[in-house]
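Undergrad: Residue numbers for the sequence shown follow the numbering used here, beginning at 3 and rising by one. All C-beta atoms in this analysis are idealised placements derived from N, C-alpha and C, irrespective of residue type, glycine included. Handing you this structure, nothing more for now.
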Amino acid sequence: MSPKEAVVEFRNEPKQLYQRGTPVRGEQYGWGVCVFINDKNKEGAYDGFYPMTFVLRNEKIVAANGGTDDNVIGATYAREQCERMGSPFKK
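What follows is the structure, encoded as C-alpha coordinates:
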(Lines of atoms letter the chains of each structure in order from A; the text may use other names.)
(Lines give C-alpha, C1' and ligand atoms only; values in the text may rest on other atoms or scores of the structure.)
Protein backbone atom coordinates (compact mmCIF):
# COMPACT_ATOMS: atom_id res chain seq x y z
CA MET A 3 0.00 0.00 0.00
CA SER A 4 1.50 3.26 -1.11
CA PRO A 5 0.10 6.58 0.10
CA LYS A 6 1.21 8.06 -3.22
CA GLU A 7 -1.42 5.97 -5.00
CA ALA A 8 -4.35 6.87 -2.74
CA VAL A 9 -7.24 8.80 -4.27
CA VAL A 10 -8.36 11.61 -1.94
CA GLU A 11 -11.57 13.58 -2.52
CA PHE A 12 -12.06 16.71 -0.40
CA ARG A 13 -15.80 16.84 0.24
CA ASN A 14 -16.26 20.24 1.89
CA GLU A 15 -14.66 23.52 2.75
CA PRO A 16 -13.51 23.71 6.38
CA LYS A 17 -16.48 24.12 8.73
CA GLN A 18 -16.62 24.68 12.46
CA LEU A 19 -16.96 21.33 14.18
CA TYR A 20 -17.56 20.22 17.74
CA GLN A 21 -17.60 16.60 18.94
CA ARG A 22 -18.47 15.98 22.57
CA GLY A 23 -15.96 13.82 24.43
CA THR A 24 -16.77 10.24 25.40
CA PRO A 25 -15.07 7.81 27.80
CA VAL A 26 -13.06 6.39 24.88
CA ARG A 27 -12.34 9.52 22.83
CA GLY A 28 -11.73 13.09 23.95
CA GLU A 29 -13.55 16.25 22.96
CA GLN A 30 -12.79 17.47 19.44
CA TYR A 31 -13.34 21.02 18.24
CA GLY A 32 -12.01 23.37 15.62
CA TRP A 33 -12.34 23.44 11.86
CA GLY A 34 -13.42 20.14 10.33
CA VAL A 35 -12.76 18.77 6.86
CA CYS A 36 -14.31 15.63 5.40
CA VAL A 37 -12.40 13.56 2.84
CA PHE A 38 -13.22 10.30 1.08
CA ILE A 39 -10.19 8.07 0.51
CA ASN A 40 -9.67 5.10 -1.78
CA ASP A 41 -6.37 3.30 -1.34
CA LYS A 42 -4.96 0.04 -2.61
CA ASN A 43 -5.05 -3.21 -0.67
CA LYS A 44 -2.20 -5.72 -0.38
CA GLU A 45 -3.08 -7.18 -3.78
CA GLY A 46 -2.75 -3.77 -5.43
CA ALA A 47 -6.47 -3.27 -6.13
CA TYR A 48 -8.54 -0.33 -4.95
CA ASP A 49 -10.99 -1.35 -2.19
CA GLY A 50 -13.45 1.52 -2.44
CA PHE A 51 -13.83 4.84 -0.69
CA TYR A 52 -14.11 5.35 3.06
CA PRO A 53 -14.64 8.62 4.96
CA MET A 54 -12.12 10.39 7.16
CA THR A 55 -12.34 13.66 9.03
CA PHE A 56 -9.60 15.98 10.18
CA VAL A 57 -10.04 18.58 12.90
CA LEU A 58 -7.74 21.62 12.73
CA ARG A 59 -6.90 24.35 15.22
CA ASN A 60 -4.25 27.04 14.78
CA GLU A 61 -3.39 25.61 11.34
CA LYS A 62 -2.53 22.16 12.78
CA ILE A 63 -4.33 18.83 12.63
CA VAL A 64 -5.41 18.03 16.20
CA ALA A 65 -7.61 14.99 15.48
CA ALA A 66 -8.18 12.47 12.69
CA ASN A 67 -11.05 10.00 12.51
CA GLY A 68 -11.73 7.02 10.29
CA GLY A 69 -8.32 5.98 8.96
CA THR A 70 -7.39 2.38 8.21
CA ASP A 71 -5.57 2.11 11.54
CA ASP A 72 -8.48 3.63 13.49
CA ASN A 73 -11.12 1.61 15.35
CA VAL A 74 -14.88 1.36 14.88
CA ILE A 75 -15.44 4.45 17.04
CA GLY A 76 -13.23 6.57 14.78
CA ALA A 77 -15.02 5.23 11.70
CA THR A 78 -18.37 6.14 13.27
CA TYR A 79 -17.12 9.63 14.14
CA ALA A 80 -15.94 10.13 10.55
CA ARG A 81 -19.32 9.12 9.08
CA GLU A 82 -21.28 11.27 11.53
CA GLN A 83 -18.99 14.28 11.19
CA CYS A 84 -19.04 14.13 7.37
CA GLU A 85 -22.84 14.01 7.52
CA ARG A 86 -22.99 17.04 9.84
CA MET A 87 -20.68 18.97 7.50
CA GLY A 88 -22.98 18.26 4.54
CA SER A 89 -21.07 15.36 2.97
CA PRO A 90 -22.90 12.14 3.86
CA PHE A 91 -21.01 8.95 3.02
CA LYS A 92 -23.02 6.41 1.03
CA LYS A 93 -21.29 3.22 0.05
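Would you kindly work out how many angstroms separate the C-alpha atoms of V54 and A77, rounded to a whole number?
TA: It should be pointed out that residue 54 corresponds to Met in this sequence rather than to Val. Roughly 7 Å separates the two Cα atoms.
Undergrad: Under DSSP, the beta strand (DSSP E) around T55 begins and ends at which residues?
TA: Unbroken beta strand (DSSP E) run through T55: 52-59.
Undergrad: How far does the alpha helix (DSSP H) with Y79 in it reach, from first residue to last?
TA: 74-86 is the span of the alpha helix (DSSP H), which, as asked, contains Y79.
Undergrad: When we look at the beta-carbon of Y48 and count the other beta-carbons within 10 Å, is it buried (16 or more) or exposed?
TA: That one is exposed.
Undergrad: Tell me the DSSP secondary structure of E15 in three-state form.
TA: DSSP places E15 in coil when its eight states are reduced to three.
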